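Heads up, the thing below is written out as structure tokens.
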Ligand code: NDP
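In the working numbering, the protein residues as written are 6 to 458.
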């Protein structure tokens, strides 16, 4: 008789939990996964996937407007958000089904209940107790709004995906990924979209020039940036919301959306009973193998607040499965993780920004290119592309690559492989470009920018 009901009990069937469970089962472990909400977690249901679909939707209007430069005559398009939401919901249901089949096909038992930790080897779900050699906590995070009067009148990205009518005037609060993506989405769909950020520069920890370029391009497309600004109170007046700002000005809107970060979902999870330590933000404290302070409890993904990205959570999930059930202790390499902001235009990067590279490497060379892409010579759009390489002078290694422009995420994914391999600027230069693309600029930037006097 095995000592425990399961070898692994995973709480949370998001990207990380599903990956870890499937791989663990593949290595021969007896695995259960409990999920209280939806299979696929944030990414599939209210994150990456619907966001990307909405950003495609938001782009269509501009494409129609640009068509005349290419000889097309198109009528002014009209937009039906309810139709988009319904189509999106249908696609998500399909993905939920795929996740269920993938888990079941791997032999993982799915428990459609909220689970809590009872002790270091016991979990409770749906009124039943289960024991496991290892517990994996992969419960993700949840959007947070600042505690201001009237905050309950505002939505977060979770609700934004279920709006049936497009608000005419939107205030999006925040200067991170979600705020920029949604400000672009609302703008593209035809709303009057305003981004309110408390500081002077959006994307605070990113390369300064890259962030500024993205802000400029988004403003050119119609998003209004309200910087150094904070909402102190929200009130409802009939069908309209009134936001009073810290400086006393009042802004009216039909919808206010907060994108001011996400908090780990550790509340009331019973972690203390198992001896699992959480930090001041509520994130589970783990070591390089994702092991918590309770040796039989592991945690991965956003609940650990390391690098809160889906592919990182899946890498952590695979590493845990290998460590526990494949006799291959595995850590995740967090260096050179590429990311993209699916705003309009897209922006993506890998490695260090200029400021961080200077602080870390001292002497650096910076190469930049700013140009109008070929498509817009006929489209009439004033959109520009920006590219930047940051090179450590002593080694000639490229330590940062940044791009603002169409399909930046697609381009930077390839560049990230080069950085992961430690490519030098000379190797970038020795690479033949694909002509005519925007991406070829990354291998043709010959002259370093002169240092500021
Ligand atoms: P971020 O942490 O990226 O940004 C939060 C923003 O809100 C920051 O600009 C922050 O300002 C601001 N902020 C925080 N608290 C307050 C406050 N009390 N009042 C006003 N402004 C505030 O969070 P997001 O919500 O955008 O995204 C959450 C996470 O999800 C990200 O960290 C990211 O890892 C992930 N994500 C990734 C995506 C992708 O890869 N494309 C897409 C969406 C999300 P300040 O900078 O001054 O602190």
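C-beta atoms are modelled at their ideal positions from N, C-alpha and C, and glycine is treated no differently.
Note that the structure is a prediction, hence the values are computed from the model and not measured.
Taking 7 Å as the cut-off, is the C-beta of residue i nearer than that to any heavy atom in the ligand NDP?
i: residue 213; result: no
i: residue 395; result: no
i: residue 465; result: The question about residue 465 has no answer here: the residues shown for the chain are numbered 6 through 458.
i: residue 354; result: no
i: residue 276; result: no
i: residue 327; result: no
i: residue 129; result: no
i: residue 398; result: no
i: residue 314; result: yes
i: residue 311; result: no
i: residue 347; result: yes
Please say whether residue j and residue i have beta carbons closer to each other than 8 Å?
i: residue 410; j: residue 378; result: yes
i: residue 354; j: residue 417; result: yes
i: residue 28; j: residue 443; result: no
i: residue 146; j: residue 401; result: no
i: residue 246; j: residue 169; result: no
i: residue 281; j: residue 295; result: no
i: residue 453; j: residue 372; result: yes
i: residue 116; j: residue 37; result: yes
i: residue 262; j: residue 149; result: no
i: residue 344; j: residue 314; result: yes
i: residue 11; j: residue 135; result: yes
i: residue 351; j: residue 412; result: yes
i: residue 301; j: residue 143; result: no
i: residue 451; j: residue 358; result: no
i: residue 349; j: residue 70; result: no
i: residue 39; j: residue 16; result: yes
i: residue 205; j: residue 163; result: no
Check for me: the beta strand (DSSP E) holding residue i runs from which residue to which?
i: residue 417; result: Residue 417 -> not in any beta strand (DSSP E); alpha helix (DSSP H) instead, spanning 413-425.
i: residue 177; result: 174-178
i: residue 250; result: 245-250
i: residue 199; result: 197-201
i: residue 356; result: 352-356
i: residue 230; result: 229-231
From the DSSP output, read off the bridge partner residues of residue i.
i: residue 391; result: 375, 409
i: residue 262; result: 160, 177
i: residue 19; result: 45
i: residue 267; result: 148
Would you mind reading off the limits of the alpha helix (DSSP H) that contains residue i?
i: residue 192; result: 182-194
i: residue 380; result: 380-384
i: residue 101; result: 86-110
i: residue 54; result: 53-71
For residue i, is the beta carbon positioned less than 7 Å from some heavy atom of the ligand NAD?
i: residue 343; result: As for the ligand NAD, it is missing from this structure, which binds only the ligand NDP.
Is there a Cβ of chain D sitting closer than 8 Å to that of residue i, yes or no?
i: residue 76; result: Of the protein chains in this structure there is only one, and it is not chain D.
- Should the region 379-392 be regarded as contacting the region 99-112, the criterion being three or more beta carbon pairs within less than 8 Å? Here the region 379-392 does not lie against the region 99-112, with fewer than 3 beta-carbon pairs under 8 Å apart.
- the region 242-256 / the region 128-140 touching (three or more Cβ pairs under 8 Å): Not touching, per the Cβ criterion.
- Message: Check whether the region 192-204 and the region 356-365 are in contact - that is, three or more C-beta pairs closer than 8 Å.
- Response: Result no; under three Cβ-Cβ pairs closer than 8 Å.
- Cβ pair count under 8 Å reaching 3, the region 245-260 against the region 208-220: No: fewer than three Cβ pairs fall under 8 Å.
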